[in-house]
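Enquirer: Let me begin by handing over the structure; questions about it come next.
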Amino acid sequence: MRVLGIEGTAWAASAACYDTATDEVSIETDAYLPESGGIHPREAAEHMREAIPDVVETALDEQGKPIDAVAFSRGPGLGPCLRIAGTAARALAGSLDVPLVGVNHMLAHAEIGRHRSGFDSPVCLNASGANAHVLGYTNGRYRILGETTDTGVGNALDKFTRHVGWSHPGGPKIERAAAEGEYVDLPYVVTGMDFSFSGIMSAAKAAVDEGTPVEDVCFSLQETVFGMLTEVAERALSLTRSSELVLGGGVGQNARLREMLTAMCEARGAEFFAPEARFLQDNAGMIAVLGAKMAAAGDTIAIADSRVDSGFRPDEVPVTWREDRGGRGAIEERRNDAAREIGSADAYQGAEATVEIAGDRVVKRRHPKAYRHPELDERLRRDRIVQEARLTSAARREGVPTPVVHDVDTHEAALTLEHVGECDLREIVEASEDDSDATAATAATARGERAVRTVADHLATLHAAGFVHGDPTTRNVRVSDPLASGDGDEGDRNTDEGLTYLIDFGLGYHTDSVEDYAMDCHVFERSLDGTAAAPDPLRAAFEEGYGEVGSPDVLDRLREIEGRGRYQ
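FYI, the numbering used here numbers position 148 of the sequence shown as 130, with every residue one higher than the one before it.
This is how it looks when you write it as structure tokens:
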């Protein structure tokens, strides 16, 4: 199969031909570069209108062979640019009488990394101009495990460089200036597996205005922003148990970001892959490659139904083109891995720490992260170990089951805690509804719903007491007696025979903000999406449980937070 791909989401007018027989990709790109400031949608559309015919003609001439399908970037992106690229793709598909394929641009970033690396089911960190998110694959769909809560990482960096008078694009200029800089403190904002860049950029601008050398600020921007991205990628690897990470997006061309991700993966025994630069920046090659996979699976679109979607989120796309659809076999394999990891091992590695189990006690050590700047790393490890000890005990005083804190060693960033629970909540919610044993499936579903309702109770209790957990994922909930079927009513959800514990309060903090409480709930629901075999009924059970005991304002704000997701 030979597929023509057309990319036109923002600045890159690009066309590519992909031959599945040889796995060769030829890419032609004419980039729009504004004379000043950032991307101007009208100017970008004018450039797209002029450049698309030329890059398509060049790509077709170079291939010199018949085309079997036309793929185009259907979204997300700038509406005027998308419409021009979409019109060209429709015209070509119609004139050539070949199928048309509408490709999600962000999934193309993920899939080109998987394709070029040969990985099976990697986590993908997308770091582009307009976005920053972490994707994991389960149950036939990519799930957004974490994302920016405000602006894309590339756009954030561009805002800083515009402030200091540098031209677009800003990322390469920051990278060059950082080579001469030294570290200064900037805000580090990670909430569960989401991150925010607006406060960092405001602090960076203020630092320059107050006389801090711009080279130092650039150095610290890279250390802080890329440290956040790397930490969230590691959290995603831990949550999903994946041992593979791929990088996507134009910011992925930054050498320091790739260095951090490489160091992180080496430390945890994972594999890391970054495609060559031509596949990291916006390009039609990745559109053509994913388009070919979709076309082979029969996932094409009628011209009449091919309207572009500037808000096309990657988690909206049913994945039709992968042999492994994330079904029962994949879930069983992960559960067996977990049994070996937790049930028989004396130690295992989480996202932030190693955990050693000795009888009824657990020693948790936050070891230095080689990828982080030493000053930043020391501050985070110290602050988080202290906060974890304090809030673990505070939650326990409020009646929420947590481990007893036996010892705190701030020098070594280590905690000695009571060993609680039989398994992570993750093990329970991974049970599949389509289990061949219907009775077992029903029991697993009931256990999962009871457990998430209990988590809702616990979080509402914390919020009423004026603090948040900060990272309430299915990995940070421990459940005892997981095999008991239990027919108890609502009042039996937290009996001595089946306690549900919250652990790992290292990202928690005191607050009276409804926004923060809602974000706590958002983090938990995001983790259900990334780990549960059937997340929808579990999310419904969680929100119903929270609504019974928590403030309705929190659930209202939760809806608002979900609506702020990129391209919503």
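Even glycine gets a Cβ: it sits at the ideal position worked out from N, Cα and C.
For Asn137, which of helix, strand or coil comes out of DSSP?
Expert: Three-state DSSP puts Asn137 in a helix.
Enquirer: Nearest-angstrom Cα distance between Pro356 and Pro350?
Expert: Cα to Cα, the separation comes out at about 8 Å.
Enquirer: Comparing alpha-carbon positions, which option in Thr40, Cys405, Phe449, Gly452 lies nearest Arg429?
Expert: Here the closest residue by C-alpha is Cys405.
Enquirer: Glu298: which of Pro35, Tyr119, Pro81 sits nearest, CA to CA?
Expert: Checked all of Pro35, Tyr119, Pro81; the closest Cα to Glu298 is Tyr119.
Enquirer: Since I believe Gly267 is in contact with Ala109 (beta carbons under 8 Å), could you give me their beta-carbon distance rounded to a whole number of angstroms?
Expert: Going by Cβ atoms, the distance from Ala109 to Gly267 rounds to 18 Å, so no, they are not a contact pair.
Enquirer: Check the C-beta distance from Gly95 over to Pro195 and give it rounded, since I have them as a contact under 8 Å.
Expert: 36 Å between Cβ atoms; not a contact.
Enquirer: Looking at C-alpha atoms only, which residue of Met175, Val38, Ala278 is the closest neighbour of Glu507?
Expert: Nearest of Met175, Val38, Ala278 to Glu507, Cα basis: Met175.
Enquirer: Taking 8 Å as the threshold (C-beta atoms), are His150 and Pro16 in contact?
Expert: Contact: yes.
Enquirer: Would you check if there are 3 or more beta carbon pairs closer than 8 Å linking the stretch 479 to 494 to the stretch 362 to 382?
Expert: As far as the Cβ criterion goes, the stretch 479 to 494 touches the stretch 362 to 382, which means the pair count is three or higher.
Enquirer: Checking the sheet assignment: what are the DSSP bridge partners for Asn108?
Expert: DSSP lists His115, Gly230 as partners of Asn108.
Enquirer: Restricting to Cα atoms, I'd like to know which of Ser224, Gly46, Gly134 is closest to Met88.
Expert: Answer by Cα proximity: Gly134.
Enquirer: Just tell me which of Val52, Glu205, Ala185, Leu127 has its CA closest to the CA of Tyr165.
Expert: Of the listed residues, the one whose Cα sits closest to Tyr165 is Glu205.
Enquirer: Taking DSSP's pairing of strands, which residues face Ile339 in a bridge?
Expert: Per DSSP, Val344.
Enquirer: Specify the secondary structure class of Ile126 as computed by DSSP and reduced to three states.
Expert: Strand at Ile126.
Enquirer: Just checking my contact of Ala114 with Glu129 at CB under 8 Å: how many whole Å lie between their CB atoms?
Expert: With 8 Å as the limit, Ala114 and Glu129 qualify as a contact, their Cβ atoms being about 7 Å apart.
Enquirer: Please report how far the alpha carbon of Gly84 lies from the alpha carbon of Ala73, in whole angstroms.
Expert: Approximately 14 Å between the Cα atoms of the pair.
Enquirer: Is the beta carbon of Arg238 sitting closer than 8 Å to the one on Glu334?
Expert: Not closer than 8 Å, so no.
Enquirer: So Asp502 and Pro454 are supposed to be a Cβ contact under 8 Å. How far apart are they, rounded?
Expert: Contact flag correct, Cβ pair sits at about 6 Å.
Enquirer: For Asp416, I'd like the list of residues in its chain whose CB is within less than 6 Å of its CB, leaving aside the five on either flank, ordered along the chain.
Expert: Since pLDDT at Asp416 reaches only 46, below the 50 mark, its modelled position is unreliable, and no value is offered.
Enquirer: Just to confirm the assignment: which complete beta strand (DSSP E) runs, minimum length 3, are found wholly within the stretch 42 to 97?
Expert: Taking only runs of at least 3 residues, the beta strand (DSSP E) segments lying wholly in the stretch 42 to 97 are 51 to 57, 82 to 86.
Enquirer: Alpha carbon to alpha carbon, how far is Ala447 from Asp167? Give it in angstroms, no decimals.
Expert: Going by the C-alpha atoms only, they are around 31 Å apart.
Enquirer: For Leu127, I'd like the list of residues in its chain whose CB is within less than 6 Å of its CB, leaving aside the five on either flank, ordered along the chain.
Expert: Excluding sequence neighbours, Leu127 sits near Val116, Gly118, Met175, Ala218, Gly512.
Enquirer: I need the DSSP call for Ile9, collapsed to helix, strand or coil.
Expert: Strand, per DSSP.
Enquirer: Considering only residues of the same chain and omitting the five flanking positions on each side of Cys(-1), which have a CB-CB separation below 6 Å?
Expert: Leu(-14), Ser8, Ala41, Gln45, listed in sequence order.
Enquirer: If we ignore side chains and look at the alpha-carbon of each, how far apart do Ile(-12) and Ala270 end up?
Expert: Roughly 7 Å between the two C-alpha positions.
Enquirer: So Leu540 and Val434 are in contact, right, with Cβ under 8 Å, and what is the actual spacing, rounded?
Expert: About 14 Å separates the two Cβ atoms, so there is no contact after all.
Enquirer: So Ala245 packs on Tyr353, CB below 8 Å; how close in whole Å?
Expert: Indeed they touch by this definition, with Cβ atoms about 4 Å apart.
Enquirer: Count the other CB atoms, across all protein chains shown, that sit within 10 Å of the CB of Pro565; report buried if there are 16 or more and exposed otherwise.
Expert: Past the edges of the chain, shown from -17 to 550, lies residue 565, and the structure says nothing about it.
Enquirer: Buried or exposed, going by whether 16 or more other CB atoms sit within 10 Å of the CB of Gly311?
Expert: At Gly311 the pLDDT is 44, less than 50, meaning the model places this residue with poor confidence; the figure from the coordinates comes in the next sentence. With fewer than 16 other Cβ atoms within 10 Å, it is exposed.
Enquirer: For Leu444 versus Val450, is the C-beta spacing smaller than 8 Å?
Expert: Cβ distance < 8 Å, so Leu444 and Val450 count as in contact.
Enquirer: Report the rounded CA-to-CA distance for Glu197 versus Gly209, giving the unit in angstroms.
Expert: Each residue's Cα considered, the two are about 18 Å apart.
Enquirer: On a Cα-Cα basis, can you pick out the residue from Ala161, Ala160, Glu162, Gly136 that is closest to Gly152?
Expert: Measuring from the Cα of Gly152, the nearest candidate turns out to be Gly136.
Enquirer: Between the alpha carbons of Ser462 and Trp(-7), how many angstroms are there, rounded?
Expert: Looking at the two C-alpha atoms, the distance is approximately 53 Å.
Enquirer: Tell me, to the nearest whole angstrom, how far the beta carbon of Pro383 is from that of Glu400; I am working on the premise that it is less than 8 Å.
Expert: Rounded, the Cβ-Cβ distance is 10 Å, inconsistent with contact.
Enquirer: Once DSSP output is grouped into helix, strand and coil, what is the label at Gly267?
Expert: Here Gly267 sits in helix by DSSP.
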